[in-house]
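Worksheet for the structure shown next.
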Amino acid sequence: ADAQARLFISLGKKHGVSADDLRSLLAGPVGGDKTRIGSVSLRDSHAHVRVSEGDVDAIITGVHGKPHNEHDVTVERARA
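The sequence shown begins at 67 in the numbering used here and counts up by one.
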């Protein structure tokens, strides 16, 4: 199995998103395949999502800085 990376996403419950919304958003740059998005830990103001190490660059490039529900989304590697 691929190594897993943890990503920080600046969208959470207070932005009206669900774990499934985040899976769809992050799967966009990897062909829309939501099975490639791992566990989603949804907090009030942000979320942490596990993805395969091989998909990290595509997901960050494809989603970081893009608007979602009128919020510019930050996606970056989570600090440990």
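Even for Gly, the Cβ is constructed at its ideal location relative to N, Cα and C.
Based on Cα-Cα distance, which residue from the options lies nearest to residue i?
{"i": "S107", "options": "D86, H134 and V129", "result": "D86"}
{"i": "I125", "options": "H112, G78, R102 and H137", "result": "R102"}
{"i": "T140", "options": "L91, A69, Q70 and D68", "result": "L91"}
{"i": "V117", "options": "L77, R89, G78 and K79", "result": "R89"}
{"i": "E148", "options": "P95, L77, L73 and Q70", "result": "With the chain represented from 67 up to 146, any question about residue 148 goes unanswered, as that position is not in the structure."}
Which partner residues of residue i appear in the DSSP bridge assignment?
{"i": "D138", "result": "P133"}
{"i": "L73", "result": "V115 and R143"}
{"i": "V106", "result": "V115"}
Can you say whether residue i is buried or exposed, counting buried as having 16 or more other CB atoms within 10 angstroms of its CB?
{"i": "D68", "result": "exposed"}
{"i": "D121", "result": "buried"}
**Asked** Would the region 67-83 and the region 108-125 be scored as touching if the rule is three or more Cβ pairs under 8 Å?
**Response** The region 67-83, when compared against the region 108-125, does touch it at the 8 Å Cβ threshold.
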